[in-house]
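Asks: Protein chains in written order, with full-length UniProt numbering: chain V, 1 to 327; chain A, 1 to 327. One structure, as structure tokens, below. Some questions next.
Protein chains: 2
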Amino acid sequence: MSDIPRAVIFHEEGPREGLQIEKQIFPLSERIELVNALGETGLSQIQVGSFVNPKAVPSMADIDQLFAGITPRKDVRYTALWLNEAGFRRAMSTQNVDISAFLMLYTTDALSQRNNNCSVANMQQRQRQWVQLYQDAGKPIESAYIVTAFGCNLQGEVPLSVMMDSVRFIVDLSLEHGFPLPRIMLADTVGWANPEEIKRRVGAVREAYPEAKLGLHLHDTRGIGAANFFAALQMGVDLFDSSVAGLGGCPFANHANSHGAGNICTEDMVFMCEEMGISTGVDLDRLIEAALLAERMFGRSLTGKLMHAGRPKRAPLRSAMQQTSLN
Amino acid sequence: MSDIPRAVIFHEEGPREGLQIEKQIFPLSERIELVNALGETGLSQIQVGSFVNPKAVPSMADIDQLFAGITPRKDVRYTALWLNEAGFRRAMSTQNVDISAFLMLYTTDALSQRNNNCSVANMQQRQRQWVQLYQDAGKPIESAYIVTAFGCNLQGEVPLSVMMDSVRFIVDLSLEHGFPLPRIMLADTVGWANPEEIKRRVGAVREAYPEAKLGLHLHDTRGIGAANFFAALQMGVDLFDSSVAGLGGCPFANHANSHGAGNICTEDMVFMCEEMGISTGVDLDRLIEAALLAERMFGRSLTGKLMHAGRPKRAPLRSAMQQTSLN
Numbered sequence: 001m002s003d004i005p006r007a008v009i010f011h012e013e014g015p016r017e018g019l020q021i022e023k024q025i026f027p028l029s030e031r032i033e034l035v036n037a038l039g040e041t042g043l044s045q046i047q048v049g050s051f052v053n054p055k056a057v058p059s060m061a062d063i064d065q066l067f068a069g070i071t072p073r074k075d076v077r078y079t080a081l082w083l084n085e086a087g088f089r090r091a092m093s094t095q096n097v098d099i100s101a102f103l104m105l106y107t108t109d110a111l112s113q114r115n116n117n118c119s120v121a122n123m124q125q126r127q128r129q130w131v132q133l134y135q136d137a138g139k140p141i142e143s144a145y146i147v148t149a150f151g152c153n154l155q156g157e158v159p160l161s162v163m164m165d166s167v168r169f170i171v172d173l174s175l176e177h178g179f180p181l182p183r184i185m186l187a188d189t190v191g192w193a194n195p196e197e198i199k200r201r202v203g204a205v206r207e208a209y210p211e212a213k214l215g216l217h218l219h220d221t222r223g224i225g226a227a228n229f230f231a232a233l234q235m236g237v238d239l240f241d242s243s244v245a246g247l248g249g250c251p252f253a254n255h256a257n258s259h260g261a262g263n264i265c266t267e268d269m270v271f272m273c274e275e276m277g278i279s280t281g282v283d284l285d286r287l288i289e290a291a292l293l294a295e296r297m298f299g300r301s302l303t304g305k306l307m308h309a310g311r312p313k314r315a316p317l318r319s320a321m322q323q324t325s326l327n
Numbered sequence: 001m002s003d004i005p006r007a008v009i010f011h012e013e014g015p016r017e018g019l020q021i022e023k024q025i026f027p028l029s030e031r032i033e034l035v036n037a038l039g040e041t042g043l044s045q046i047q048v049g050s051f052v053n054p055k056a057v058p059s060m061a062d063i064d065q066l067f068a069g070i071t072p073r074k075d076v077r078y079t080a081l082w083l084n085e086a087g088f089r090r091a092m093s094t095q096n097v098d099i100s101a102f103l104m105l106y107t108t109d110a111l112s113q114r115n116n117n118c119s120v121a122n123m124q125q126r127q128r129q130w131v132q133l134y135q136d137a138g139k140p141i142e143s144a145y146i147v148t149a150f151g152c153n154l155q156g157e158v159p160l161s162v163m164m165d166s167v168r169f170i171v172d173l174s175l176e177h178g179f180p181l182p183r184i185m186l187a188d189t190v191g192w193a194n195p196e197e198i199k200r201r202v203g204a205v206r207e208a209y210p211e212a213k214l215g216l217h218l219h220d221t222r223g224i225g226a227a228n229f230f231a232a233l234q235m236g237v238d239l240f241d242s243s244v245a246g247l248g249g250c251p252f253a254n255h256a257n258s259h260g261a262g263n264i265c266t267e268d269m270v271f272m273c274e275e276m277g278i279s280t281g282v283d284l285d286r287l288i289e290a291a292l293l294a295e296r297m298f299g300r301s302l303t304g305k306l307m308h309a310g311r312p313k314r315a316p317l318r319s320a321m322q323q324t325s326l327n
């Protein structure tokens, strides 16, 4: 228990994760409003969207306009995702984008083919080019994602040894190219992790590379994301990707094998932290407002819970008597 | 970690928790079908409903017909809730009811008044009558619930000392009346618990009464129920109340302070256990079927996640390629 960090950082993924999966394209003004609302919550990093093929992801076609439209705060980083050099170059030339350079490794050929049209090994080779690209641009490499680090819906089990191959590749690459080891982000992309496996895999990286900084990108695909988050806290992990209102899944089409569900919900996890005395730097009331804004925008009930239940009222509320239950 | 139990028992609360909160009264045949489906999952105990004032809870008015209509399995206990002697007597005289006698303590006057029209102290006194009632009926007292053991939406904070007063009352009552100490059920009725507080309060009971059996009745009101569940597992707790599909909350009216949200979701928690090698005796595929049946019955998307995402497919699925994500 003593490993639980005193402070936790959340990287907000809602605008990207939530919108990339939607067929509906929301008005630009609403997307700008959501990003701006998130910018006022104390979150230090917000992933606004992806510079990807607009044919594959139509909702990201006007990503440059979205970035141009926001009112950036100086203390907030507005980041973006890209999957190739062209995407990176677009991001570099777009107003208000805070280039948070990252590497991306896959554990299964199936998902790598699906997302990048190349094998795991090819994607590794591409990372050498990405490193060169980042170094030429003078951008420090901040993080390295290991996608489907816990399991893959397309290919099945991802053994720990396969995940560790990706970790080792990142370490070797940093030595080879002489850049500081980026934060290793283990992504439970499609919700295969469980609390014990979180502990086992985080522990394995720690044991092999004690100097490595670690973060987790968690999804609540199967209802145990909050438990996985707590298990990671117990291992001392202090950085998480998450999505406001639990964005990233669609309640109208999320039946078995249709697609993955949303990230762990930022405000619910911030709530857990704050209740346990872990500081997050986030104004929870403002974050709940942003979640409710997202819900109005999406026009349907989103999966976040705190936004619906409200925060516990600690002061006596005898006169209010609004809430009860038979058991 | 070594305290994690090898086996966990789930007491299914969905039919009671899910239906008592609904304004809609579902056809009797559908409710019977749901209970019967749950009876085929391997769950050992299912709370079918409440013998309470039909004016206060119209959905439970025909509870005797519901019990009469089910097809009971011999290895399943079909239990009921009551709030007073009249309810207990109705339960006793109803077909198929497995009388699992319980005590009920409150930690706040506000909720006790709301649910029972009496103070915490009065409710304690009533428990003496309940004990007599159970003893006269020859029914062993199996459990003792401490309602809002972690906090109360009506009255606010519930200090640990107040919760422990209830525990002590139960212990004293068992000594006074000469019955074995029932399993003490700490109920997070309205979702105030967090993982550290689970550990603190379970630990406090354990320290004061090492011989006491403990169980938890958890709600996922604020999105951290799965983490609370995992924290309890780490403390060796091996019995939980839960609801299929996460029943107990209404997504159409669950805005702040309207009412509490559902229990932790049975199939999601069974999934967590099974993934971690903890046996539950539950056939997860059948339980998911029951959850989907509940969803069809309720006619809206319920909060359970596994039922929508499906179980991880461990075997290679290259030909299927149904599921992916950009990250």
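Cβ coordinates follow ideal geometry from the N, Cα and C atoms, glycine included.
(1) Tell me where the beta strand (DSSP E) around residue 353(V) begins and ends.
(2) Run down chain A in chain order and give the residues with a C-beta less than 8 Å from the C-beta of W192(V).
(3) Does the beta carbon of I224(V) come closer than 9 Å to any beta carbon on chain A?
(4) Could you tell me which uninterrupted beta strand (DSSP E) segments, each at least 3 residues in length, are contained entirely in the region 13 to 73 of chain V, listed from first to last along the chain?
(5) Taking only three categories from DSSP, how would you classify S161(V)?
(6) Just verifying my parser: in three-state terms, what is the DSSP assignment at I99(A)?
(7) Kindly list, in the order they appear in chain A, the residues whose Cβ is closer than 8 Å to that of F271(V).
(8) Once the 5 residues before and after Q113(A) are set aside, which same chain residues still bring their CB inside 8 Å of it?
(9) Report the three-state DSSP secondary structure of residue 330(V) (helix, strand or coil).
(10) Check for me: the beta strand (DSSP E) holding W82(V) runs from which residue to which?
(11) List the whole-angstrom C-beta distance separating P58(A) from I25(A), where the pair is believed to meet the contact cut-off of C-beta under 8 Å.
(12) Specify, as a first and last residue, the run of the alpha helix (DSSP H) that M276(A) falls within.
(13) Would you be able to state if there are at least three C-beta pairs under 8 Å between the region 77 to 84 of chain A and the region 98 to 115 of chain A?
(14) Is there at least one Cβ from chain V nearer than 9 Å to H229(A)'s Cβ?
(15) Any C-beta of chain A sitting closer than 9 Å to the C-beta of G156(V)?
(16) From the beta carbon of M276(A), is the nearest beta carbon of chain V less than 9 Å away?
(17) Can you name the residues of chain A whose CB is closer than 9 Å to the CB of D268(V)?
(18) Grab the span of the alpha helix (DSSP H) containing R296(A) for me, first residue to last.
(19) Candidates A291(V), P210(V), M276(V): which alpha carbon is nearest G248(V)'s?
(20) When you compare the CB of C265(V) with every CB in chain A, is at least one pair closer than 9 Å?
(21) When you compare only the Cα positions, how much space is there between V158(A) and Q132(A)?
(22) What does the Cβ neighbour count give for Q127(V), buried or exposed, with the cut at 16 atoms within 10 Å?
(23) Give the residues from the region 292 to 309 of chain V that approach chain A closer than 7 Å (Cβ to any Cβ), ordered along the chain.
(24) Mind checking who F169(A) pairs with in its DSSP beta bridge?
(25) Alpha carbon to alpha carbon, how far is L160(A) from A149(A)?
(26) For the candidate residues A212(V), H11(V), W82(V), D188(V), whose alpha-carbon lies nearest to that of C152(V)?
(27) Could you give the residue range of the alpha helix (DSSP H) that holds V120(A)?
(28) Which residues in chain A have a C-beta closer than 8 Å to the C-beta of F261(V)? List them in chain order.
(29) Assign R201(A) to buried or exposed, taking buried as 16 or more other Cβ atoms, counted over all protein chains shown, within 10 Å of its Cβ.
Replies: By the coordinates alone:
(1) Absent from the model: residue 353(V). The displayed extent of chain V is 1 to 327, so no value can be given.
(2) Translated into positions along the first sequence, residue 192(V) becomes position 192. Neighbours of W192(V) on chain A, chain order: P312.
(3) Here the question's residue 224(V) lines up with position 224 in the first sequence. Chain A contact via Cβ: present.
(4) 45 to 51
(5) As a first step, residue 161(V) must be located in the first sequence, where it is residue number 161. Looking at S161(V) - three-state DSSP - the assignment turns out to be helix.
(6) Locating residue 99(A) in the second sequence gives position 99, where the first residue counts as 1. I99(A): coil per DSSP, three-state reduction.
(7) Taking the first sequence and counting its residues from 1, one reaches residue 271(V) at position 271. Near F271(V) (Cβ distances below 8 Å), the residues of chain A are R222, G223, I224.
(8) Reading the second sequence from its first residue, position 113 is the one you call residue 113(A). These residues qualify, in order along the chain: S119.
(9) No information on residue 330(V) is available, as it lies outside the stretch 1 to 327 that chain V covers here.
(10) By one-based count along the first sequence, residue 82(V) stands at place 82. 77 to 82 is the span of the beta strand (DSSP E), which, as asked, contains W82(V).
(11) Stepping through the second sequence from its first residue, residue 58(A) is reached at position 58. Stepping through the second sequence from its first residue, residue 25(A) is reached at position 25. Yes, they are in contact, since the Cβ atoms of P58(A) and I25(A) sit about 6 Å apart, within 8 Å.
(12) Within the second sequence, the letter at position 276 stands for residue 276(A). Unbroken run through M276(A): none, as it is neither H nor E.
(13) yes
(14) As a working mapping, residue 229(A) is identified with position 229 in the second sequence. The sequence shown places Phe at residue 229(A), not His. Yes, because at least one Cβ of chain V sits closer than 9 Å to the Cβ of F229(A).
(15) Numbered from its first residue, the first sequence carries residue 156(V) at position 156. Taking Cβ atoms only, chain A reaches closer than 9 Å to G156(V), which makes this a yes.
(16) Numbered from 1 along the second sequence, position 276 holds the residue referred to as residue 276(A). Closer than 9 Å to some Cβ of chain V, the Cβ of M276(A) qualifies, so yes.
(17) The sequence position of residue 268(V) within the first sequence is 268, counting from 1. The answer, in chain order, is R222, G223, I224.
(18) Against the second sequence, residue 296(A) aligns to sequence position 296. Here the alpha helix (DSSP H) through R296(A) covers 284 to 298.
(19) Along the first sequence, read from residue 1 onward, the residue named residue 248(V) stands at position 248. Comparing Cα positions, the closest option is A291(V).
(20) In the first sequence, counting from the first residue as 1, residue 265(V) sits at position 265. Judged by the 9 Å Cβ criterion, C265(V) is in contact with chain A.
(21) For the purposes of this step, residue 158(A) is taken as residue 158 along the second sequence, with counting starting at 1. For the purposes of this step, residue 132(A) is taken as residue 132 along the second sequence, with counting starting at 1. Roughly 29 Å between the two C-alpha positions.
(22) Position 127 of the first sequence, counting from 1, holds the residue named residue 127(V). When all chains shown are included, Q127(V) counts as buried.
(23) S301, G304, K305, L306, H308, A309
(24) Along the second sequence, one-based indexing puts residue 169(A) at 169. BP columns for F169(A) are empty, so no partner.
(25) Walking along the second sequence from the start, residue 160(A) turns up at place 160. Walking along the second sequence from the start, residue 149(A) turns up at place 149. Cα-Cα distance, rounded: 8 Å.
(26) One-based indexing of the first sequence puts residue 152(V) at position 152. With distances taken between Cα atoms, C152(V) lies closest to D188(V).
(27) As a position in the second sequence, residue 120(A) is number 120, starting the count at 1. Where V120(A) is concerned, the enclosing alpha helix (DSSP H) stretches over 120 to 137.
(28) Counting from 1 along the first sequence, the entry for residue 261(V) is found at position 261. The sequence given here places Ala at residue 261(V); Phe does not occur at that position. Result: K305, H308, A309.
(29) Taking the first residue of the second sequence as position 1, residue 201(A) is located at position 201. By the 10 Å Cβ count, R201(A) comes out buried.
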